[in-house]
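Scroll down for the structure; my scribbles are underneath it.
Residue numbers (the numbering used here): 202 to 846.
Here's what the structure looks like:
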């Protein structure tokens with residue numbers, strides 16, 4: 202079933218053409234990625250699909266009953282409500298319907314209503330219809346859904362009565378995502394949904410989206426995430442779209458293969474054209490061959506020329522070098538800890554770490570555990586509260602700040618770099634900026650006007666110029682498009698110095714890290730390998746934990762008392778109680794079956810014209826039914842209690 206179809210969509214901002222003749226189709230259960238360079242128009246396309254932005258020409262076809270949900274980049278939830286109440290507001294229609302059903306039940310028990318059989322039957326029919334909708338719409342499980350989403354988005358340790366206004370920007374963004382997931386639209390449109398998510402939360406979101414009942418359309422720079430989720434990729438390049446089947450890795454392979462095929466076709470035709478032009482030039486003036494040359498000329502004029510394939514792979518070009526080599530011991534931490542106030546709890550403590558020259562260490566762990574704070578203590582921006590920190594001989598630190606706070610918004614791009622290195626001539630500075638995709642008039646842009654990706658590239662240019670031998674990077678891949686990420690990966694793989702970095706990009710971690718340091722509340726663990734090795738070990742730890750938990754439950758005193766009774770009398774008493782409980786369960790089930798039979802019998806009698814016209818008899822049967830229903834509910838509570846035991 203087609204949920205949405207875009208046909209020949211075009212969008213301009215003023216005179217600038219952003220998108221042209223875009224074709225895209227969304228079917229039920231599609232998992233679609235929109236990819237392309239920064240500035241290609243991906244977010245613009247999502248906004249048009251969500252109805253948040255107009256388009257200049259073309260059509261968007263969507264059935265009236267199709268619902269669309271959209272999450273923009275870094276959208277924080279703005280609400281005066283508590284976490285729980287805001288999530289529950291998604292289900293206001295179900296809560297209202299539940300009140301309506303209770304009201305209808307009260308009316309149905311009113312003896313006066315039985316005087317008008319038509320009205321009673323009409324109410325009963327309406328009640329059945331609404332109750333069925335309430336059930337299928339999730340009326341009996343929406344609280345469970347809310348808990349699952351809040352736990353999955355890392356709010357399990359929160360007081361859900363916390364006002365949303367007191368939360369951080371990243372927490373508000375996660376709540377905005379959670380609220381959208383709970384609405385369960387037919388088409389779920391997500392623009393960079395992985396921002397502000399730690400690795401565990403990313404894994405949960407992957408699982409949630411894989412099992413999502415509708416279609417999902419995603420823009421993301423997380424390659425691991427895209428490979429896990431999507432089955433279709435639309436590339437936006439040169440204002441147009443092209444469709445590829447498969448996940449992101451499949452798209453890269455097919456794109457490269459398509460480009461090679463198109464280039465070979467173009468080159469073959471160029472060779473053919475050259476031969477024909479040479480033949481025409483040599484033979485057009487000869488009487489004996491003039492006709493053949495004229496024929497070739499006509500053939501050449503009619504030929505449908507193949508355009509040279511366009512390559513959108515314009516990427517930054519850089520490498521990190523070191524001015525001088527550090528000593529072998531780069532950094533040592535012993536029982537290191539940090540807290541903001543002398544009397545406040547430690548953000549992290551008992552952290553010990555040894556870093557030697559050439560190490561490439563990734564810091565991972567849940568949001569809020571103190572990874573960025575640790576980096577700031579290493580560069581001296583913050584002071585550790587306890588323990589020992591030792592920086593080695595000849596160590597020169599270069600720091601990449603994910604917020605780019607070190608950039609001066611009042612300067613131009615050229616000034617930002619040149620002011621730090623005034624002895625270099627302008628041509629060299631422009632050449633360096635060109636390697637980071639700032640060309641021509643781009644270098645005269647004010648820093649304040651740069652996009653997130655442009656600021657990231659400028660920060661990397663400044664970092665490269667330092668030639669530091671110890672790089673400390675905080676989320677270096679944020680804001681970078683996929684091509685720029687690959688260039689950064691290549692530069693860091695060849696970097697001859699030492700590296701510590703924080704990242705949520707699992708693909709990036711896997712390419713760069715030789716060690717993983719996992720920061721958890723109260724402890725730190727070291728894994729000697731890349732991300733795949735770390736993930737494998739975490740799975741092994743989880744499985745071992747499950748086995749140990751099963752053993753613990755098996756051997757705990759209460760279980761042992763039941764399983765290994767030394768006293769024959771105690772064992773006999775326990776079995777007697779078990780038999781008694783089972784007999785009672787059987788009795789309850791039998792009584793419920795009899796009561797339900799009586800209810801059904803009375804309902805049939807109430808449909809008999811002779812009975813429902815006899816008001817006394819009708820009232821008697823209705824009151825009996827009410828008593829039967831109350832008795833059934835009481836028995837069900839007892840039955841559930843016995844089963845729980």
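Ideal placement from N, C-alpha and C gives every residue a C-beta, glycine not left out.
Can you round the beta-carbon distance between residue i and residue j to whole angstroms, since I take them to be within the 8 Å contact cut?
i           : j           : result
residue 580 : residue 673 : 6 Å
residue 605 : residue 686 : About 17 Å; that fails the 8 Å criterion.
residue 839 : residue 789 : 6 Å
residue 460 : residue 661 : Contact doesn't hold; Cβ gap of about 27 Å is too wide.
residue 246 : residue 220 : 6 Å
residue 610 : residue 239 : 20 Å between Cβ atoms; not a contact.
Tell me the DSSP secondary structure of residue i in three-state form.
i           : result
residue 810 : helix
residue 666 : helix
residue 883 : Residue 883 lies beyond the range of the chain shown here (202 to 846); nothing can be said about it.
residue 266 : coil
residue 614 : helix
residue 408 : helix
residue 786 : helix
residue 703 : strand
residue 397 : coil
residue 823 : helix
residue 587 : strand
residue 282 : coil
residue 520 : coil
residue 600 : strand
residue 419 : strand
residue 547 : coil
residue 553 : strand
Sort the options by Cα distance to residue i and report the nearest one.
i           : options               : result
residue 347 : 321, 331 and 380      : 380
residue 721 : 349, 572, 340 and 365 : 572
residue 711 : 694, 724 and 727      : 694
residue 680 : 692, 671 and 659      : 659
residue 337 : 325, 362 and 298      : 298
residue 603 : 576, 210, 506 and 539 : 576
residue 804 : 240, 225, 278 and 309 : 309
residue 536 : 550, 652 and 232      : 550
residue 277 : 443, 369, 556 and 628 : 369
residue 617 : 286, 648 and 636      : 648
residue 713 : 723, 732 and 726      : 732
residue 410 : 361, 362, 354 and 441 : 354
residue 783 : 841, 744, 821 and 609 : 841
residue 230 : 246, 830, 463 and 202 : 202
residue 339 : 323, 352 and 293      : 293
residue 582 : 273, 601 and 593      : 601
residue 371 : 279, 477, 543 and 653 : 279
residue 332 : 482, 296 and 313      : 296
residue 525 : 831, 597 and 691      : 597
residue 816 : 312, 795, 485 and 651 : 312
Considering only residues of the same chain and omitting the five flanking positions on each side of residue i, which have a CB-CB separation below 8 Å?
i           : result
residue 449 : 234, 236, 424, 427, 428, 431 and 434
residue 625 : 619
residue 641 : none
residue 511 : 438 and 439
residue 282 : 290, 364 and 365
residue 552 : 534, 536, 537, 538, 575, 588, 720 and 725
residue 287 : 278, 280, 365, 376 and 380
residue 359 : 284 and 351
Under 7 Å Cβ to Cβ from residue i, same chain only, skipping five residues before and after it: list those, please.
i           : result
residue 850 : For the chain, the structure presents residues 202 to 846; residue 850 sits outside this window and is missing.
residue 275 : 374 and 396
residue 507 : 466, 467 and 470
residue 735 : 717 and 728
residue 567 : 355, 399 and 401
residue 796 : 829, 832 and 833
Once the 5 residues before and after residue i are set aside, which same chain residues still bring their CB inside 6 Å of it?
i           : result
residue 558 : 527, 529, 531 and 699
residue 599 : 664, 667, 669 and 672
residue 697 : 523
residue 646 : 614
residue 232 : 417, 430, 431 and 432
residue 210 : 223, 256 and 259
Count the CB pairs spanning the region 386-401 and the region 415-429 that are closer than 8 Å, and state whether there are at least three. The region 386-401 is in contact with the region 415-429.
Count Cβ pairs between the region 463-470 and the region 253-260 that sit closer than 8 Å; are there 3 or more? Not touching, per the Cβ criterion.
Can you confirm whether the region 674-682 touches the region 697-706 when touching is taken to mean that 3 or more C-beta pairs between the two stretches lie within less than 8 Å? In short, these stretches touch, since the Cβ pair count reaches three.
Could you tell me whether the region 399-408 touches the region 205-219, using the rule of 3 or more Cβ pairs below 8 Å? Flag = no, the region 399-408 and the region 205-219 do not touch.
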